[in-house]
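*Asks:* Protein chains in written order, with the working numbering: chain A, 1 to 197; chain B, 1001 to 1197. In this text, a Cβ means the ideal position worked out from N, Cα and C, and glycines have one as well. Just so it is clear, the structure is predicted and the values come from calculations on it, not from any experiment. Input: one structure, supplied below.
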DNA sequence: GTAGCACTAGAACGAACGTTCTATCAAGTA
DNA sequence: TACTTGATAGAACGTTCGTTCTAGTGCTAC
């Protein structure tokens, strides 16, 4: 048998493809608007495979997709933060990076948890917890950068919170208005705020 | 309030109840997770009434619900902004007001457009437009307050953008973590940022 | 009266949903 | 060979969805 890798199943594992497809779709349109059959189709998998890897069904897959998306967002944030020793400049770079990613993806690839999280406030502990963990990790990442620049722990933790709030909100504004402006403005204002401490 | 200027009889409690119920449900869990039958039930109306008043179906009702919720949020914002002549203090009061409203409603009554808007980025012009209009109105409201305090129009418009971004993002963090902290921190930081101009 | 209209009421429909089910394939083990 | 196990495949199930449809109510005007 002349055996090149099957065109149907690329090198990546089926499970990973399912998680990635779910993460992308949920990031774009939230949980409820995303059907399991569509996830399977986009992943090049079948329903049988989905339920084989995720016997807990859609909810279990959603939690995993949220974690996967959160990790990618963490990487993006880390890239921005590593761009400069000056935390103000580093945060501004995060805003620029986020704005570019958003525009290049037609305003779809933003925060991977926001849309889904808002659907489930007080309605699904598992999903709310996964969202909370992601936001908490990003906040600590930011606080670490600020603290490393000599800002006191207390101030750094609070600043990190506002930086995250502003980036999240500016991303919402960018996506709704299909414009990079809110994130660019946010970057400048956040840098100014950080430098004031 | 938006008294319907329609030539029809204003004795239309049912229509208003339907819009209000839809607004509440969509604010809490977004569009897709909100069923029309549930809306009718919560409004004390029937499906017949819903489709009588909204022949365009769920989408048409959603746009109206978004507008209704946006108006209520405008009122809340205006209340906060009117609380002080100092724009920094007024914005901080908005954050406090928002935090209290969130807590008192078990973290459900926040921005009425965020959840739904995120579901429809690039997928429904009508809903995206309604969301964009709401965010634009809030931004202008904030810019007006800042401009009235002597801040130049250009700076005021940009500041208003970041204030809105930060409040929106902080609200997301509050809801996910079931805590008032992000909004309280945001209020203090926004006041500091405004005073720096 | 009764004709007309705005509104209420909910049964019924087709489509889509998440899920379950059985069957099959491929590879490893004995 | 036969048996096991992880993974694939998709038909089928019951439910719920948004929507449509027909019937009925209450009110106003003639």
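#1: Within its chain, find whatever has a CB closer than 7 Å to the CB of residue 1111 of chain B; leave out the 5 residues flanking it on each side and keep chain order.
#2: Using only the alpha-carbon positions, how far apart do residue 1180 of chain B and residue 116 of chain A sit?
#3: Using the beta-carbon count (16 or more within 10 Å), is residue 1 of chain A buried or exposed?
#4: Return the residue from the list B:1140, B:1016, B:1157 and B:1189 that minimises the CA-CA distance to residue 959 of chain B.
#5: Sorted by chain position, which residues of the same chain lie with C-beta nearer than 7 Å to residue 161 of chain A's C-beta, five sequence neighbours on each side aside?
#6: Which of the residues in the segment 80-112 of chain A, read from start to end, lie with their CB under 7 Å from any CB of chain B?
#7: Please list the segments of the alpha helix (DSSP H) lying wholly inside the segment 23-81 of chain A, counting only runs of 4 or more residues, in order along the chain.
#8: Along chain A, which residues have their Cβ under 8 Å away from the Cβ of residue 1025 of chain B?
#9: Measuring alpha carbon to alpha carbon, tell me which residue in B:1060, B:1134 and B:1157 is nearest residue 1145 of chain B.
#10: Can you grab the Cα-Cα spacing for the pair residue 1080 of chain B / residue 16 of chain A, in whole Å?
#11: Please tell me whether residue 63 of chain A has its Cβ less than 9 Å away from any Cβ of chain B.
#12: Going by beta carbon distance, what residues of the same chain come within less than 8 Å of residue 1047 of chain B, once the five residues before and after it are set aside?
#13: Please report how far the alpha carbon of residue 119 of chain A lies from the alpha carbon of residue 148 of chain A, in whole angstroms.
#14: State the CB to CB distance for the pair residue 197 of chain A and residue 159 of chain A, rounded to an integer number of angstroms; the pair is presumed to be in contact (CB under 8 Å).
#15: Rounded to the nearest angstrom, what separates residue 45 of chain A and residue 33 of chain A at their Cα positions?
#16: Taking the CB atoms as reference points, tell me whether residue 1088 of chain B and residue 1022 of chain B lie closer together than 9 Å.
#17: CA-CA distance, residue 113 of chain A and residue 1058 of chain B?
#18: If I measure Cβ to Cβ from residue 3 of chain A and keep anything under 6 Å in the same chain, skipping five residues before and after, which residues do I get?
#19: Taking a Cβ distance cut-off of 7 Å, strictly less, list which residues of the segment 1123-1153 of chain B are near chain A, in chain order.
#20: On the DSSP letters alone, give me the boundaries of the alpha helix (DSSP H) that residue 122 of chain A sits inside.
#21: Let me confirm a value: residue 71 of chain A is counted as buried when at least 16 other C-beta atoms fall within 10 Å, else exposed. Which label applies?
#22: Please check the pair residue 108 of chain A and residue 28 of chain A, which I expect to be a contact at CB under 8 Å, by giving their CB distance rounded to whole angstroms.
#23: Straight-line CA distance for residue 56 of chain A to residue 68 of chain A?
#24: Can you find a C-beta in chain B that's less than 9 Å from the C-beta of residue 120 of chain A?
#25: Quick check: the Cα distance between residue 99 of chain A and residue 105 of chain A, rounded to an integer number of angstroms?
#26: According to DSSP, simplified to helix, strand and coil, what is residue 112 of chain A?
#27: In angstroms with no decimal places, state the Cα-to-Cα distance between residue 9 of chain A and residue 1124 of chain B.
#28: With a threshold of 9 Å between beta carbons, is residue 1185 of chain B in contact with chain A?
#29: Output needed for residue 1083 of chain B: all residues of its chain with C-beta closer than 7 Å, excluding positions within five of it in sequence on either side, in chain order.
#30: My output table needs one value for residue 93 of chain A: the three-state DSSP class, helix, strand or coil.
#31: Determine the chain A residues that contact residue 1069 of chain B at a beta-carbon separation under 8 Å, and present them in chain order.
*Replies:* Considering the structure as presented:
#1: Closer than 7 Å at the Cβ level, and outside the excluded window around residue 1111 of chain B, lie 1073, 1168 and 1171.
#2: Rounded to the nearest angstrom, the two C-alpha atoms are 21 Å apart.
#3: Note that residue 1 of chain A scores a pLDDT of 29, beneath 50, so its modelled location is shaky and nothing firm can be said.
#4: Here chain B comprises residues numbered 1001 to 1197, so residue 959 of chain B is not present and cannot be evaluated.
#5: Cβ contact annotation for residue 161 of chain A (same chain, cutoff 7 Å, sequence separation greater than five): 139, in chain order.
#6: Among the residues of the segment 80-112 of chain A, those with a Cβ less than 7 Å away from any Cβ of chain B are 106, 107 and 108, in the order of the chain.
#7: List check, alpha helix (DSSP H) in window: 36-43, 47-53 and 58-81.
#8: Result: empty, since nearest Cβ-Cβ is about 11 Å, beyond 8 Å.
#9: Shortest Cα-Cα distance from residue 1145 of chain B to any of B:1060, B:1134 and B:1157 involves B:1157.
#10: Here the C-alpha atom of residue 1080 of chain B lies approximately 48 Å from the C-alpha atom of residue 16 of chain A.
#11: Closer than 9 Å: no.
#12: Annotation for residue 1047 of chain B: 1036, 1037 and 1040 place their beta carbon closer than 8 Å to its own, counting only its chain and skipping 5 residues before and after.
#13: Spanning the two alpha carbons is a distance of roughly 36 Å.
#14: At roughly 7 Å, the Cβ-Cβ gap stays under 8 Å, so residue 197 of chain A and residue 159 of chain A are in contact.
#15: Answer to the nearest angstrom: the Cα atoms are 19 Å apart.
#16: Not in contact: residue 1088 of chain B and residue 1022 of chain B (Cβ atoms no closer than 9 Å).
#17: If I take the Cα positions, the gap works out to 25 Å.
#18: At residue 3 of chain A the pLDDT is 28, less than 50, meaning the model places this residue with poor confidence; the figure from the coordinates comes in the next sentence. Nothing listed; no residue qualifies.
#19: Within the segment 1123-1153 of chain B, the qualifying residues are 1123, 1128, 1131, 1132 and 1135.
#20: No residue range can be given for residue 122 of chain A, since it is assigned to no alpha helix (DSSP H) and is classified by DSSP as neither H nor E.
#21: Within 10 angstroms of the beta-carbon of residue 71 of chain A lie fewer than 16 other beta-carbons, which makes it exposed.
#22: Indeed, because the Cβ distance is near 5 Å, the residues count as touching under 8 Å.
#23: Going by the C-alpha atoms only, they are around 17 Å apart.
#24: The beta carbon of residue 120 of chain A sits closer than 9 Å to some beta carbon of chain B.
#25: One C-alpha to the other measures close to 10 Å.
#26: In this structure, residue 112 of chain A counts as coil in the three-state DSSP scheme.
#27: Reliability fails at residue 9 of chain A, whose pLDDT of 38 lies under 50, so the model's placement of it is uncertain and no value is given.
#28: So yes, residue 1185 of chain B belongs to the interface.
#29: Cβ neighbours of residue 1083 of chain B beyond the five flanking positions: 1090 and 1093.
#30: The three-state secondary structure of residue 93 of chain A, taken from DSSP, is helix.
#31: The premise fails here: residue 1069 of chain B is roughly 14 Å from chain A at the closest Cβ pair, so nothing lies under 8 Å.
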